[in-house]
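Heads up: the structure comes next, in structure tokens.
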Amino acid sequence: MFKIFEKKNQARTGIVTTKNGEIKTPFFMPDATRGFVKFLNNEDIARTGIVPMVVNTYHLFLSPGMEIVKKAGGIHKFMNYDKPLLSDSGGYQVFSLIHKSPKMGKITDNEVVFRSPTSGEKHIITPEKSIQIQFDLGVDMMVCFDDPPPNNYSKARIAAAVERTIFWAERCLVEYEKQIKKRKITAGNRPLIFAVVQGGEYVDLRQRCVEGLIEVGKKVGRDWDGFGFGARHVNEKGVFLEEILRATASFIPEKALRFALGVGTPEDIVRCYLMGWDMFDCVIPTREGRHGRIFLRIRGQQPLPSPPQPLSNSPLSKGERERHGAGGFYETINMNNGKFAEDFSKIDAQCDCDLCRNHTRAYVHHLFKSRDPLGMRLAAIHNLRFYVELMEELKTL
RNA sequence: GGGUCGGUGGCAGAGUGGUCAAUUGCAUCAGACUGUAAAUCUGACGCCGCAAGGCUUCGGGGGUUCGACUCCCUCCCGGCCCA
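Numbering (numbering that gives the first Met the number 0), first residue to last: 0 to 396.
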């Protein structure tokens, strides 16, 4: 259930109720794809202020496999995590696998056949099966199995993916209803279900997709709890699809949650929030943290859709400047850079995360140069803390 | 003292007459990362130059050759073996 507290232009704040607790919107979810955020344990996660996380149907299905998750008593018990979890359907993973290398599998209207990249073993996923797996996981929020084509596909192919996504969404929703009944799940305990909007860079296809999905809801007799923005939200050059995101948000009913899947950089999140998107997930804070990039808030600068400007005492490198441009609310530093070798200042004197409370830049640089997992862990913790604080600040905009 | 093997770019270590400014690894420097096949990947890495390109290199010196990191002489230095 989603309740809106306040609305300012398109942006809104609210609260989502799930069987494992409430979440205030807007919120960010780190990707615990295989049932863990790499290098972090639940206590680390809790200290960052993160509440919900994303797990992945595809990855958990392959390993450890559903038999083990079921024996554990569901994904929450397996992970020992008692806060809300959202499972992604696995569609994006299977499709990107096949789009990258057609030998890896085959997509038909009925099902997706693919080979495990690690074992080579053959698997079949259908919309129904994805939903069943997500019920077996026992998550708080689940996502329909969709068809996410690369944005550079022809309009005809994107249109076909839209139709298939709608068709599959119906199968997902029918299966959802079936599972609710079969498992005797009460209204208060049911997982929220999200449809996914495809349509690439075509506004009309995005609109068609949302309309088709809403019709599916009416037909099955169950309104979608939310809609996700499918495929990538940036073009091949990494440029944010401003109008597509804005238009898609406007097509989605106001009472539904708007989930910007895979978004994104801090400025992209700000942009999406201002357009009315409520929830986000992305690998950026954790992956880039593991790779040495640290996000630093420029205090006093309001989060804006525009990118950041450099701190005067810590100039951005050429690449960083090119990426972020001038004028903004944060910068990034790369802890691998030699310039930190003798920098005994704090990473961010005002941040209260494990990294900033306890260590200097020089020490963290040393951890990265030593390739010790501790540096990667601390950097991921810091970046998540940065994202959590950003979400808090969004509410003040 | 005798014998023997060897001295290559920050390090390790290829190359053994021309296609070598010199394979590769490490280190170093920088970049990328957006519903995680990512503790990953990419690039640079003698000197000057944005570049085209130019310049100086393979322990020191001398020699052979059209041409040497590669062959010869000698000196210096190191490992191992024998005394």
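Where a beta carbon is used, it is the ideal one built from N, C-alpha and C, also for glycine.
Pick out whichever of the options has its Cα sitting closest to the Cα of residue i.
i: residue 42; options: 377, 274 and 160; result: 377
i: residue 29; options: 22, 44 and 65; result: 44
i: residue 95; options: 114, 149 and 128; result: 149
i: residue 33; options: 14, 211, 282 and 205; result: 282
i: residue 31; options: 75, 6 and 329; result: 75
i: residue 120; options: 103, 134 and 130; result: 103
i: residue 162; options: 7, 384 and 197; result: 197
i: residue 219; options: 229, 175 and 235; result: 175
i: residue 160; options: 235, 16, 211 and 180; result: 211
i: residue 207; options: 164, 187, 366 and 20; result: 164
i: residue 292; options: 336, 253, 327 and 151; result: 336
i: residue 13; options: 19, 4 and 20; result: 4
i: residue 62; options: 52, 18 and 132; result: 132
i: residue 19; options: 50, 109 and 394; result: 50
i: residue 287; options: 1, 26, 134 and 38; result: 38
i: residue 15; options: 294, 278 and 48; result: 278
i: residue 147; options: 24, 2 and 229; result: 229
i: residue 240; options: 201, 52 and 253; result: 201
i: residue 53; options: 280, 289 and 296; result: 280
i: residue 26; options: 294, 373 and 276; result: 276
Tell me residue i's beta-bridge partners as DSSP assigns them.
i: residue 28; result: 280
i: residue 114; result: 121
i: residue 340; result: The partner list for residue 340 (beta bridge, DSSP) is empty, contrary to what the question assumes.
i: residue 87; result: 55
i: residue 10; result: 7
i: residue 23; result: 14
i: residue 259; result: 279
i: residue 35; result: Paired residues: none, contrary to the question.
i: residue 2; result: 14
i: residue 345; result: 359
i: residue 239; result: 233
Residue range of the beta strand (DSSP E) that residue i falls in?
i: residue 54; result: 52-55
i: residue 329; result: 329-333
i: residue 104; result: 104-106
i: residue 396; result: First-last for residue 396: undefined, no H or E at that position.
i: residue 404; result: In the structure as shown, the chain starts at 0 and stops at 396, and residue 404 therefore has no counterpart that could be examined.
i: residue 227; result: 225-228
Does the distance between the C-beta of residue i and the nearest non-hydrogen atom of the ligand MG fall short of 7 angstroms?
i: residue 380; result: As for the ligand MG, it is missing from this structure, which has no ligand bound.
At what residues does the alpha helix (DSSP H) containing residue i begin and finish?
i: residue 357; result: 353-357
i: residue 41; result: 41-47
i: residue 268; result: 265-274
i: residue 397; result: Here the chain covers residues 0 to 396 and nothing more, so residue 397 does not appear.
i: residue 69; result: 65-71
i: residue 74; result: 74-78
4 or more residues per run - each alpha helix (DSSP H) lying fully within the stretch 131-200
154-181
The stretch 129-149 / the stretch 85-93 touching (three or more Cβ pairs under 8 angstroms):
Taking a cut-off of 8 angstroms on C-beta distances, the stretch 129-149 touches the stretch 85-93, as three or more cross pairs fall below it.
Across the stretch 67-77 and the stretch 153-166, are there enough close Cβ pairs to call them in contact, namely three or more that are closer than 8 angstroms?
Touching, no, given that fewer than three Cβ pairs across the two stretches are closer than 8 angstroms.
How about the stretch 213-227 and the stretch 191-205: do they share at least three Cβ pairs that are nearer than 8 angstroms?
yes
With three or more C-beta pairs closer than 8 angstroms as the rule, is the stretch 342-349 touching the stretch 242-258?
no
Inter-stretch contact (C-beta, 8 angstroms, three-pair minimum) for the stretch 171-185 and the stretch 122-135
yes
Validate contact between the stretch 350-358 and the stretch 254-261 using beta carbons, cut 8 angstroms, 3 pairs:
no
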